[in-house]
RNA sequence: CUGGGUGUAGCGCAGUUGGUAGCGCGCAGCGUUCGGGACGCUGAGGUCGCCUGUUCAAGUCAGGUCACCCAGACCA
């Protein structure tokens, strides 16, 4: 991508209405644009980050048999009435609207109802199970208070996976597969060392559910953990009977702030029963399908990663998340000429700062945007037939021959 | 929703006892610069969040309203 062609312009000052450092940097560096409280646009660089995060999640979910779909955001109230989740008294985060032809619609806050209903057309037999379906989709939740930039918004991108099974054993089996997949996902996202499976309240059918909590100061949840972090629990289940279940003592627990970056639930019959998702089993008996659901907030994860990987100069993306691996910054006419040659054919790997700016401005933008490697070509480096590669994270620079660099791209 | 705070140019801000709006950055043009956001000159850009009121006169005073931020509450 050429910066000279990009409509992005970096800002020297963060808008004063953003206090989360991730949001400040993401806006200053031109990754996101704020429309209103809790509503953000993703600009070219931000979209690439989102796609990179999705790519990691997609890869791991495909490994455990997930089939990707994309479901509608607009929701039919009838389905939600069947599960008693249309009533504003029961679910208070709905965005609802009216059809001009008459009747109501809702903007999906989650997708258990439609996917369960949709699968009634396709899932008829035990032979059709198990099944795992997921999507990356925009959810709408009318939160009382949006905050912390893209960490808590009213419109956000979520990965939601739903699994369908003939038995509780098979649901348990798959649940563990998802746990393993999630561990790999958070590792690959660079959050593995501070993200923990956490006990949380489970709703009607199970005593607990699991959340994935990333320990980070801007997180809005309070969680408690024992020293080795083998047990982490949400404040909402900090009760004596729970502590007994988990085999930990209150005075062994430490408190910290954390951001919920995912959750997994065993739904069992919660939605399949009222919506009538049933199959014929081996004995031709009609059975209700067991379900599980598993979420990851993609856009929130982006905020959490930005929050973790930054310094006083800006963002510091991990290589596999960064929108580009290299920030190519030529200095002077000769440098520009060689840079053009290097850029050609590597447009997807290189963010090419071909703007007619002074070096200092290019360096500052490279750092603000958090591109992993800054590649400078100037008369100085050309004298050595080299480019200078600076690691954003460590700040270390080295001269690498032009040929060698071309190969390494 | 409760409490606190803030709305003036794209962004960050100033604006005195009410007298018709200014600074920095950014933007446009010209010139000098060119390895850490350089400089000079010229210029464009504003119904001062919105409504109502007080007044000869409101960015400034009063009432209302909307938006945004923070803390809390809430949160499959």
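Residue numbers (the numbering used here): 1419 to 1827.
Glycine residues also receive a C-beta, built at the ideal position from the N, C-alpha and C atoms.
Neighbour-count burial assignment, residue i, 16 or more Cβ in a 10 Å radius
i, result
"residue 1801", "exposed"
"residue 1704", "exposed"
"residue 1803", "exposed"
"residue 1819", "exposed"
"residue 1576", "buried"
"residue 1488", "exposed"
"residue 1787", "buried"
"residue 1493", "buried"
"residue 1540", "exposed"
"residue 1763", "exposed"
"residue 1437", "exposed"
"residue 1439", "buried"
"residue 1566", "buried"
"residue 1783", "buried"
"residue 1690", "buried"
"residue 1563", "exposed"
"residue 1441", "buried"
"residue 1750", "exposed"
Contacting residues, own chain, Cβ-Cβ under 8 angstroms from residue i (five flanking each side not counted)
i, result
"residue 1542", "1697 and 1698"
"residue 1693", "1497, 1500, 1501, 1531, 1534, 1535 and 1538"
"residue 1550", "1479, 1482, 1483, 1484, 1485, 1579, 1580, 1581, 1582 and 1592"
"residue 1824", "1760"
"residue 1664", "1617, 1649 and 1651"
"residue 1512", "1504, 1506, 1524, 1525, 1527 and 1560"
C-beta contact flag for residue i and residue j at 8 angstroms
i, j, result
"residue 1572", "residue 1558", "yes"
"residue 1793", "residue 1724", "no"
"residue 1700", "residue 1544", "yes"
"residue 1806", "residue 1815", "yes"
"residue 1643", "residue 1600", "no"
"residue 1811", "residue 1734", "yes"
"residue 1474", "residue 1612", "no"
"residue 1522", "residue 1495", "yes"
"residue 1789", "residue 1740", "yes"
"residue 1827", "residue 1767", "yes"
"residue 1456", "residue 1561", "yes"
"residue 1476", "residue 1574", "no"
"residue 1778", "residue 1443", "no"
"residue 1791", "residue 1809", "yes"
Cutoff 6 angstroms; reference residue i; Cβ partners in own chain excluding five residues on either side
i, result
"residue 1653", "1640"
"residue 1753", "1795 and 1796"
"residue 1464", "1449 and 1450"
"residue 1687", "1706"
"residue 1712", "1579, 1596 and 1682"
Own chain, CB closer than 7 angstroms to residue i, minus 5 neighbours either side, in chain order
i, result
"residue 1595", "1482"
"residue 1420", "1770 and 1772"
"residue 1720", "1467, 1468, 1471 and 1568"
"residue 1461", "1426, 1448, 1449, 1450 and 1451"
"residue 1668", "1661"
"residue 1676", "1631, 1632, 1633, 1634, 1637, 1639 and 1641"
"residue 1765", "1419"
Nearest-angstrom Cβ-Cβ length linking residue i and residue j, presumed shorter than 8 angstroms
i, j, result
"residue 1695", "residue 1537", "6 angstroms"
"residue 1627", "residue 1714", "Not a contact, Cβ separation roughly 14 angstroms."
"residue 1651", "residue 1616", "6 angstroms"
"residue 1727", "residue 1637", "Wrong, their Cβ atoms sit about 16 angstroms apart, outside the cutoff."
"residue 1708", "residue 1586", "6 angstroms"
"residue 1556", "residue 1491", "6 angstroms"
"residue 1619", "residue 1655", "5 angstroms"
Residue closest to residue i, alpha-carbon to alpha-carbon, out of the options
i, options, result
"residue 1633", "1827, 1739, 1606 and 1647", "1647"
"residue 1510", "1518, 1520, 1525 and 1521", "1525"
"residue 1589", "1548, 1675 and 1433", "1548"
"residue 1835", "1645, 1431, 1584 and 1657", "Nothing about residue 1835 can be read from this structure; the chain reaches only from 1419 to 1827."
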